[in-house]
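Just below is one structure, and these are the notes that go with it.
The structure is reproduced here in structure tokens:
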């Protein structure tokens, strides 16, 4: 393609702006750009921890003292955890990334590489202790004064002669566990520990040790913090797994078999201990009467006590299918047998193979009556417990009759629902063939679900044994009004239940409705945001909240659909008063963290120009203080601005999108423009796009910094015409921008990935508007993709084309022409746009052969095309170095066609297999213009 030089005025403007004022972002600058991760606030609200993680290099842990407004930095540190009394913080210190790389280059063995260190810091005094060779640690969240940490297996003491046999620490034998009293410094060491857990609300640890072969036996032990004593619950050689403690630490459960035989499948026994007992007792084994014939107690079933401790739930399973060990490897026939009557596709079964090997079915031990019951089985495999396991009834789910439908219906999967009595195991069917998900109310008084087929919210009143439609008096849709798929739309969902299961809070597009599950009271619109197109969504401040307390003010996230602005509103359900405490041209954090013991709130807000640094508030979010500065260097570089953009679509409808302009934008100049899209992005106007290596799309501030305008249009789809819908939305938007006069029509690029990659491929078969295009993981042949497999899930791709994202609206046999008309491959000869294709060979979402079909067609037709395949990568690019590489290649590709930059060697001659991983070809090729 012959390129004309950049317009002189634009070239001079970019040069002066970039070099005389602020530089543009380079990939090397992005290497040091930080993100904030794993932020946490101490229970007393006075301390905040967070990690600053650069794109390249080691993380830094920051501890912020709110009362003193001071921060401390700890290099290479992460995974901070505050003690329950806010007096201590523990975290891990890792070896420097450069040090590890250097030692790996020197062929140092893994066991000899430097390891993590535990740091325990007393916050008031600043006194810090470091413990090397850390494996893992527990800092209890709800009880204070204690912590536990385990060290990595210690190497054998080389000073000892080989004739002296000493039990080694290793993966099989375990390693040293230390339990420490943080206040006194007293600590106890338990050797050869394989597993340990802490009680949720009591200073007790449950421990499995393989023993020291002399005075300390293998077995399960309870460590009682206040007594500083280790109590043996069961000792002796054998097999042990699945440790569990009740919430108060006064009961323990585990699986054990005191037999040293090397079983292929261990026939575990269920053991139970309560504080009145000296040791644990056997509850059940594989001969227990409650078990179906030949069933076992499953080693994969998690043991869990109900909240009140009256029940211990565990898993059981049928005998596993085992290979005949007498057969030699060459005698084993490995053949796949696919049958059309199979419930699941063979590939789906294969994808679930490891999960199926561990499949287990819920059973219960009633700790007071000592009764055992099987609750779930192969006919009803899934069970939802109510009231943290305390409820009389559970909700059973069985989707086995409808598994074949997954191939062409997709999700939500259909189920039959059952009411299951946890006291006697009896089941009662309550609904058949439900196309949707169901759950139990927090107290277990109601089962509830949304039926997508008839757009109704339903409850099943457990006391009355009666199904009931609710919310039918609400005069607006409770489903997604904007959904444009040829399938039943999903609901907007719920905020949750109020205390005692009194009311269900249901969402429509904008508002929150108070709905009476008994049907006695009319539904009440609490927020009344529809008239102003303002959306309200409940923010859960307590991560363990089960129900919403009406006596407390509720916090809502507020979003203006017209302005794209957001904020926070407190709402009093009794008075109906709304108190808007934050609102503006930002995207506010929906995941606010509240300190457990005080009203201190940790959150962030952002927009295109403002990074989401951490903010803390002590006055219910009315005011706040900024406590982090993740990327102070941002002000030193050219950036950009984001604004809404609206235009008229092909059918006269109002369209919207986002327009990103370079810093110091001058409407009198003409700029190159990149178009990116993926369904709808307009509501993300105020999102901050941190400079980072992309896994699939262009980084917006990086391209804006380099002088590009970026256009992100929303696409409105017509069923059966996905490609044409994208063409109409994008071309009308781009041409309306060209009419503004500040976009150079000769320098238009377009980029998209996956669904966006498909649409890019389609676009360039229909228009020569773009000078170049990047198409990532595109489906270009819907006829060959339709009957294929999504290897990431093992599911058929049929439902995706008929009802889901591709929106064809019928089968290949019903609408063959629609599949062909929407497939870019059949019109590849019409393409005149140079195209860069990204498609990786381990893509589990879009078959790799789609990218190959596209590339070889373009190659055969003599069209300029390149294919990038990052070996063994999935649907997107993985790993820092691969992503960095992809960022550079995409930049060089677009800069060549849109900024008149030199062609890189990889575009001129490719990178042959002989040079793969050795020569990248980033250097300029010979000038062939």
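Residue numbers (our numbering): 1 to 929.
Every residue, glycine too, gets a C-beta built ideally from N, C-alpha and C.
- Judged by beta-carbon spacing, residue 752 lies within the 8 Å limit of residue 676, meaning their Cβ atoms are closer than that value.
- In the DSSP assignment, residue 570 falls within the beta strand (DSSP E) that extends over 566 to 571.
- When the five nearest sequence neighbours on each side are left out, the beta carbons in the same chain lying within less than 6 Å of the beta carbon of residue 260 are those of 237, in order along the chain.
- Checking the DSSP bridge columns, you'll see residue 128 partnered with 121.
- By the C-beta density criterion, residue 861 is exposed, having fewer than 16 other C-beta atoms within 10 angstroms.
- Within the DSSP secondary-structure output, residue 403 pairs in no beta bridge.
- Under the rule that a run must span 3 or more residues, the beta strand (DSSP E) segments found entirely inside the segment 274 to 354 read 281 to 284, 311 to 317.
- As summarised for the segment 737 to 771, the continuous beta strand (DSSP E) elements at least 3 residues long and confined to that stretch are 743 to 753, given in chain order.
- The three-state reading of DSSP puts residue 722 in helix, counting H, G and I together.
- Taking C-beta atoms as the reference points, residue 457 and residue 450 count as a pair closer than 8 Å.
- In the three-state reduction of the DSSP assignment, residue 136 falls in the strand class.
- Sorting 387, 481, 194 by C-alpha distance to the C-alpha of residue 308 places 387 at the top.
- Counting along the chain, the unbroken beta strand (DSSP E) around residue 710 starts and ends at 709 to 713.
- Boundaries of the beta strand (DSSP E) harbouring residue 91: 88 to 93, taken from the DSSP string.
- A Cβ-Cβ contact shorter than 8 Å links residue 82 with residue 47.
- Scanning the segment 145 to 208 from its first residue to its last, no whole alpha helix (DSSP H) run of 4-plus residues comes out.
- About 6 Å separates the Cβ atoms of residue 703 and residue 674, confirming a contact at the 8 Å cut-off.
- A distance below 8 Å separates the beta carbons of residue 840 and residue 873.
- For the pair residue 667 and residue 741, the Cα-to-Cα distance works out to about 8 Å.
- Cβ neighbours of residue 153 within its own chain (closer than 6 Å, five residues either side excluded): 169, 170, 175.
- Residue 618 sits in coil when the DSSP states are folded into three classes, being neither helix nor strand.
- A direct Cα-to-Cα measurement between residue 146 and residue 630 gives close to 33 Å.
- Linking residue 884 to residue 918 through their CA atoms gives a straight-line distance of about 16 Å.
- Secondary-structure assignment with DSSP links residue 430 through no beta bridge to anything.
- With a 10 Å radius around the Cβ and a threshold of 16 neighbouring Cβ atoms, residue 831 comes out buried.
- When the Cα atoms are used, residue 197 and residue 462 turn out to be separated by approximately 36 Å.
- Taking a C-beta distance under 8 Å as the contact criterion, residue 430 and residue 440 do not qualify as a contact pair.
- Using a C-beta cut-off of 8 Å, the segment 792 to 812 makes no contact with the segment 761 to 770, since fewer than three inter-stretch Cβ pairs fall below that distance.
- With contacts defined as CB atoms closer than 8 Å, residue 640 and residue 658 fail to qualify as a contacting pair.
- Counting every other CB atom within 10 Å of its CB across the protein chains shown gives residue 325 a total below 16, marking it as exposed.
- When C-beta atoms of the segment 894 to 910 are compared with those of the segment 714 to 726, fewer than three pairs fall below 8 Å, so the two segments do not count as touching.
- Taking C-beta separations shorter than 6 Å and ignoring five residues to either side along the sequence, the partners of residue 497 in its chain run 441, 442, 504, 547, following chain order.
- If you look at residue 859, you'll find it in the alpha helix (DSSP H) that goes 848 to 860.
- Counting only residues of its own chain and dropping the five nearest sequence neighbours on each side, residue 510 has a CB closer than 8 Å to the CB of 527, 529, 530, 533, 534, 535, 536, 561.
- Rounded to whole angstroms, the gap between the alpha carbons of residue 42 and residue 859 is 60 Å.
- Between residue 252 and residue 233, the C-beta gap is smaller than 8 Å, which places the two residues in contact.
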